[in-house]
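S.K.: I have a structure I would like to understand better, so I am pasting it below and will then ask my questions one at a time.
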Amino acid sequence: MSFDEKKGMYFPSEDIINQSNVKEYEKLYKYSIENREQFWAEQAEHLDWFKKWDKVVDESDKPFYKWFQGGKINIVQNAVDRHLTTANRNKLAIIWEGENGDIRTYSYHALNREISKFANILKSMGVKKGDIVTIYMPQIPEQVFAMLACAKIGAVHSVVYGGFSHEALSERIKDAESRVVITADGGFRRGKIADLKAIVNQAVELSPTVEVVITVKRTGHEVYMENDRDYWYHDLENLPIASPICETEETDANDMLFLLYTSGSTGKPKGMMHNHGGYSVYTATTNRMVFDIKPEDRYWCAADPGWITGHSYLVYSPLINGATIFMYEGAPNHPYPNRWWRMIEKYGINILYTSPTAIRGLMRYGDSWVKRHDLSSLRLLGSVGEPINPEAWKWYYKVVGNEKCPIMDTWWQTETGGFMICPLPVIPLKPGSASKPFFGNEIAVVDDNHNDVKPNEEGTLVIKNIWPGLSAGIYKDRQKFIDTYWKKFEKEGWYHPGDSAKIDEDGYIWVIGRSDDVIKVSGYRLGTAEIESALVSHPMVVEAAAIPLPHKLKGNAIHVFAILKEGATPSRELENELKDHVAKVMGPIAKPEEIIFSDSLPKTRSGKIMRRVLKARAQGLDEGDLSTMEE
Ligand code: WT7
Numbered sequence: 011m012s013f014d015e016k017k018g019m020y021f022p023s024e025d026i027i028n029q030s031n032v033k034e035y036e037k038l039y040k041y042s043i044e045n046r047e048q049f050w051a052e053q054a055e056h057l058d059w060f061k062k063w064d065k066v067v068d069e070s071d072k073p074f075y076k077w078f079q080g081g082k083i084n085i086v087q088n089a090v091d092r093h094l095t096t097a098n099r100n101k102l103a104i105i106w107e108g109e110n111g112d113i114r115t116y117s118y119h120a121l122n123r124e125i126s127k128f129a130n131i132l133k134s135m136g137v138k139k140g141d142i143v144t145i146y147m148p149q150i151p152e153q154v155f156a157m158l159a160c161a162k163i164g165a166v167h168s169v170v171y172g173g174f175s176h177e178a179l180s181e182r183i184k185d186a187e188s189r190v191v192i193t194a195d196g197g198f199r200r201g202k203i204a205d206l207k208a209i210v211n212q213a214v215e216l217s218p219t220v221e222v223v224i225t226v227k228r229t230g231h232e233v234y235m236e237n238d239r240d241y242w243y244h245d246l247e248n249l250p251i252a253s254p255i256c257e258t259e260e261t262d263a264n265d266m267l268f269l270l271y272t273s274g275s276t277g278k279p280k281g282m283m284h285n286h287g288g289y290s291v292y293t294a295t296t297n298r299m300v301f302d303i304k305p306e307d308r309y310w311c312a313a314d315p316g317w318i319t320g321h322s323y324l325v326y327s328p329l330i331n332g333a334t335i336f337m338y339e340g341a342p343n344h345p346y347p348n349r350w351w352r353m354i355e356k357y358g359i360n361i362l363y364t365s366p367t368a369i370r371g372l373m374r375y376g377d378s379w380v381k382r383h384d385l386s387s388l389r390l391l392g393s394v395g396e397p398i399n400p401e402a403w404k405w406y407y408k409v410v411g412n413e414k415c416p417i418m419d420t421w422w423q424t425e426t427g428g429f430m431i432c433p434l435p436v437i438p439l440k441p442g443s444a445s446k447p448f449f450g451n452e453i454a455v456v457d458d459n460h461n462d463v464k465p466n467e468e469g470t471l472v473i474k475n476i477w478p479g480l481s482a483g484i485y486k487d488r489q490k491f492i493d494t495y496w497k498k499f500e501k502e503g504w505y506h507p508g509d510s511a512k513i514d515e516d517g518y519i520w521v522i523g524r525s526d527d528v529i530k531v532s533g534y535r536l537g538t539a540e541i542e543s544a545l546v547s548h549p550m551v552v553e554a555a556a557i558p559l560p561h562k563l564k565g566n567a568i569h570v571f572a573i574l575k576e577g578a579t580p581s582r583e584l585e586n587e588l589k590d591h592v593a594k595v596m597g598p599i600a601k602p603e604e605i606i607f608s609d610s611l612p613k614t615r616s617g618k619i620m621r622r623v624l625k626a627r628a629q630g631l632d633e634g635d636l637s638t639m640e641e
């Protein structure tokens with residue numbers, strides 16, 4: 011790479027260009043826009059289909075687009091089965107390291123056996139095509155087996171992040187009406203055991219649909235198992251039903267693959283649905299073109315499979331592309347801040363994909379922890395989850411990548427399935443910009459009249475086209491999908507992601523952040539409404555407003571304005587109690603940074619809390635237009 015000081019841009023070396031899967035952006039971009047359906051049909055040809063599609067996209071039920079209509083495909087056929095008849099069969103599919111130093115590896119051949127066993131066990135428990143299975147697990151290989159096992163038999167997985175509380179878990183189990191839950195006794199985090207089974211036990215108490223809980227043994231600590239409901243995976247695995255041979259179901263391109271809950275402007279999390287066909291094509295293509303992935307690569311996406319990043323770019327797309335994935339169970343700084351760098355060196359990782367929060371967290375320990383290790387295997391770096399500040403970008407580039415690796419800053423969402431705005435290894439980079447629209451995408455930044463803003467002016471980010479990775483909708487709530495993403499630009503038919511952004515004179519897109527009631531904390535997505543309802547569920551609180559304020563490590567931190575019940579007195583103890591209460595109700599990631607006790611909240615005449623005003627006040631900034639504020 012070389013740096014052009016005048017332009018503030020980083021240019022790829024000949025080396026990078028020569029080995030890149032895609033050598034040029036502009037021409038292919040133009041082609042993909044002018045021939046969008048053709049472009050996606052060509053990409054779909056990279057995959058195995060039981061039956062080819064009749065129509066690239068069926069738009070008869072907007073905005074519920076049906077990609078590759080009429081096609082028959084199963085993502086597992088592409089991620090696993092098709093590798094078994096090639097030389098890939100014997101190469102590693104998964105390398106896993108536990109926080110406590112345990113190591114396990116699986117070839118594609120072995121991975122297929124594990125998935126098939128798991129799939130047969132699920133079948134024996136009565137799981138059928140279309141059933142939704144909830145998965146609540148630590149980062150262990152069985153989490154991946156469980157996901158793929160569901161997909162293999164045409165069942166739907168709903169993975170819930172292992173850091174969520176039992177209440178959050180049960181809310182998701184109930185919405186999905188899961189009969190079967192898959193978990194583990196626990197996982198290791200910072201040398202301690204996260205007691206997942208105890209949380210599942212509590213959640214299941216509140217979830218009447220659950221009949222079967224399958225538990226994988228990871229930590230070996232004592233857990234409560236209920237007769238006729240709880241089964242140890244290692245017991246089931248030894249029964250004759252757990253045959254390592256299982257046919258992959260011929261699912262329809264528009265059959266549901268998974269459900270993943272994410273936060274929005276309303277209190278209830280939304281179950282975003284993704285289907286086998288379009289999702290396979292979109293994730294595989296973006297992963298191949300942007301991460302330039304090759305079968306000989308060892309690729310590490312350091313996200314948890316419990317989030318969309320883990321689904322799309324840890325599990326599915328790198329396996330579809332036949333690479334070796336690396337997975338790590340625990341904390342990045344355990345037992346020392348060189349844990350990640352040691353593993354990259356040890357396993358010869360070629361591509362690292364992580365978040366700005368993780369980078370900032372490791373950056374604060376200084377360069378020497380990194381420099382102790384030979385990271386020359388790294389070829390490409392990635393970032394996702396929130397805007398990356400140029401300081402963190404430069405550290406990642408210089409210290410981790412040794413000024414050799416392009417950084418793919420990828421902007422996307424749970425809803426989009428895969429990268430929407432991102433560079434390619436061959437295009438010049440500007441630190442802090444997610445660069446350009448991915449192929450097929452027309453992306454703009456508009457003002458309140460829906461016109462393009464001038465270069466470098468802030469506005470609303472919109473996506474003007476459709477793409478195969480787009481979510482198939484919100485589970486059991488058609489209208490909410492329409493209202494949340496398509497209402498605002500109904501006339502134009504544009505997708506509204508809820509972010510604000512700028513575009514500079516070179517066409518580089520700079521995402522600023524959420525412009526709705528969503529807060530990004532350490533890259534995690536939380537709804538202000540969920541945080542606020544957690545607060546008012548405490549007997550001392552009558553009303554609350556949550557806002558994000560900038561935080562050095564987390565990007566944003568949650569600050570809460572709370573109105574207390576008559577007679578309650580603000581105190582340091584109460585502040586701590588309320589913080590703990592939110593963490594208990596939602597999970598530790600939602601714990602507020604600060605609680606500000608207040609007598610009233612600024613509201614519009616229609617009664618909506620003006621969070622923008624609270625934010626400005628808290629930062630000592632101009633409060634802006636107050637004409638809609640109630641007297
Ligand atoms: C929101 C979506 C998609 C995987 C992880 C998050 C923010 C995501 C970037 C980026 C600036 C980003 C946006 C977006 N975001 N990536 N590279 N630069 N902002 O998925 O939890 O659905 O959150 O994350 O605000 O709307 P998610």
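If you count by my numbering, then the sequence shown holds residues 11 to 641, one letter each, in order.
Backbone N, C-alpha and C define an ideal beta-carbon position, used for all residues, glycine too.
Buried or exposed, going by whether 16 or more other CB atoms sit within 10 Å of the CB of Thr96?
M.R.: Exposed.
S.K.: With a Cβ-Cβ cutoff of 7 Å, do Val223 and Val191 count as a contact?
M.R.: In this structure, Val191 lies closer than 7 Å to Val223 by Cβ.
S.K.: Tell me which same chain residues have a C-beta within less than 6 Å of the C-beta of His460, skipping the five on either side of it?
M.R.: Result list for His460: empty, nothing under 6 Å.
S.K.: With 16 as the cutoff for other CB atoms within 10 Å, does Lys33 come out buried or exposed?
M.R.: Exposed, by the Cβ-count rule.
S.K.: In the DSSP assignment, find the unbroken alpha helix (DSSP H) run with His244 in it and report its ends.
M.R.: From DSSP, the alpha helix (DSSP H) with His244 extends over Tyr243 to Leu246.
S.K.: Mind checking who Gly483 pairs with in its DSSP beta bridge?
M.R.: For Gly483, which the question treats as bridged, DSSP gives the partners Met283.
S.K.: Does Ile105 pass the burial test, meaning 16 or more other C-beta atoms within 10 Å, or should it be called exposed?
M.R.: Ile105 comes out buried.
S.K.: Name the DSSP beta bridge partners of Asn360, please?
M.R.: The partner list for Asn360 (beta bridge, DSSP) is empty, contrary to what the question assumes.
S.K.: Thinking C-beta only, is Asp302 closer than 7 Å to Ser12?
M.R.: Result no, Cβ atoms of Ser12 and Asp302 do not sit closer than 7 Å.
S.K.: Can you give the Cα-Cα distance for Ser290 and Arg298, rounded to whole angstroms?
M.R.: Going from the Cα of Ser290 to the Cα of Arg298 covers about 12 Å.
S.K.: What does the alpha-carbon distance come out to for the pair Glu576 and Arg622?
M.R.: When rounded, the distance between both Cα atoms is 27 Å.
S.K.: Lys618 to Ala539, Cα distance in whole Å?
M.R.: Taking the straight line joining both Cα atoms gives about 12 Å.
S.K.: Looking at C-beta atoms only, is the number of pairs between the region 339-354 and the region 318-328 that lie closer than 8 Å three or more?
M.R.: The region 339-354 is not in contact with the region 318-328.
S.K.: Looking only at its own chain, which residues have a Cβ that is under 6 Å from the Cβ of Ile605, when we skip the five neighbours before and after it?
M.R.: Result list for Ile605: Val570, Ala572, Glu585 and Leu588, in chain order.
S.K.: Is His93 closer than 7 Å to Gly332 when the C-beta atoms are compared?
M.R.: Contact flag set, yes.
S.K.: So is the beta-carbon of Arg524 under 6 Å away from any non-hydrogen atom of the ligand WT7?
M.R.: Yes, the ligand WT7 has a heavy atom inside 6 Å of this Cβ.
S.K.: Can you check DSSP and say which residues form a bridge with Leu390?
M.R.: Answer is Ile361, bridged to Leu390.
S.K.: Tell me the residue span of the alpha helix (DSSP H) that contains His176.
M.R.: Note, His176: alpha helix (DSSP H), His176 to Ala186.
S.K.: Which two residues bound the contiguous beta strand (DSSP E) that contains Leu158?
M.R.: Here Leu158 belongs to no beta strand (DSSP E); instead the alpha helix (DSSP H) covers Pro151 to Lys162.
S.K.: Taking one C-beta from the region 452-467 and one from the region 525-535 each time, how about it: are there three or more such pairs within less than 8 Å?
M.R.: Too few Cβ pairs lie closer than 8 Å, so no.
S.K.: Run through the DSSP bridge pairs and tell me what Asn88 is partnered with.
M.R.: Beta-bridge pairing links Asn88 to no other residue.
S.K.: For Asn28, is the classification buried or exposed, using 16 other Cβ atoms within 10 angstroms of its Cβ as the cut-off for buried?
M.R.: Result: exposed.
S.K.: Val668: which of Thr272, Tyr118 and Phe174 sits nearest, CA to CA?
M.R.: A question about residue 668 goes unanswered here, because the residues of the chain that appear run from 11 up to 641.
S.K.: Hey, quick one: how far does the beta strand (DSSP E) through Phe607 stretch, first residue to last?
M.R.: First-last of the beta strand (DSSP E) with Phe607: Glu604 to Phe607.
S.K.: With DSSP as the reference, identify every bridge partner of Leu471, one or two as the case may be.
M.R.: For Leu471, which the question treats as bridged, DSSP gives the partners Val455.
S.K.: Among Leu270, Glu259 and Asp262, which residue has its Cα nearest to the Cα of Glu181?
M.R.: The shortest Cα separation from Glu181 among Leu270, Glu259 and Asp262 belongs to Leu270.
S.K.: Can we count Ala444 as close to the ligand WT7, meaning its CB is less than 6 Å from some heavy atom?
M.R.: Correct: Ala444 has its Cβ closer than 6 Å to the ligand WT7.
S.K.: Using only alpha-carbon positions, find the residue among Arg228, Ala294 and Ile361 that is nearest to Ile330.
M.R.: That would be Ala294, whose Cα lies nearest to the Cα of Ile330.
S.K.: Would you kindly work out how many angstroms separate the C-alpha atoms of Glu396 and Lys101, rounded to a whole number?
M.R.: Answer to the nearest angstrom: the Cα atoms are 34 Å apart.
S.K.: Near Lys440, which residues of its chain fall below 7 Å by C-beta distance, leaving aside the five closest residues on each side in sequence?
M.R.: These residues qualify, in order along the chain: Gly18, Met19 and Tyr518.
S.K.: If you follow the beta strand (DSSP E) that Leu197 is part of, which residue opens it and which one closes it?
M.R.: Residue identity differs from the one stated: residue 197 is Gly in this sequence, not Leu. Note, Gly197: beta strand (DSSP E), Gly197 to Arg199.
S.K.: Check the DSSP bridge columns for Gly340 and list the partner residues they point to.
M.R.: For Gly340, which the question treats as bridged, DSSP gives no partner whatsoever.
S.K.: Mind checking whether the beta-carbon of Val521 lies closer than 6 Å to any heavy atom of the ligand WT7?
M.R.: True, at least one ligand heavy atom lies under 6 Å from that Cβ.
S.K.: Is Gly395 a contact residue of the ligand WT7, with contact defined as CB to any heavy atom under 6 Å?
M.R.: Yes, the Cβ of Gly395 comes within 6 Å of a heavy atom of the ligand WT7.
S.K.: Assuming the contact rule is C-beta atoms closer than 8 Å, Ile541 and Ala626 should be a hit. Round their C-beta distance to whole Å, please.
M.R.: Actually they do not touch by this definition, with Cβ atoms about 19 Å apart.
S.K.: Count the CB pairs spanning the region 274-281 and the region 348-368 that are closer than 8 Å, and state whether there are at least three.
M.R.: They do not touch, by the three-pair rule.
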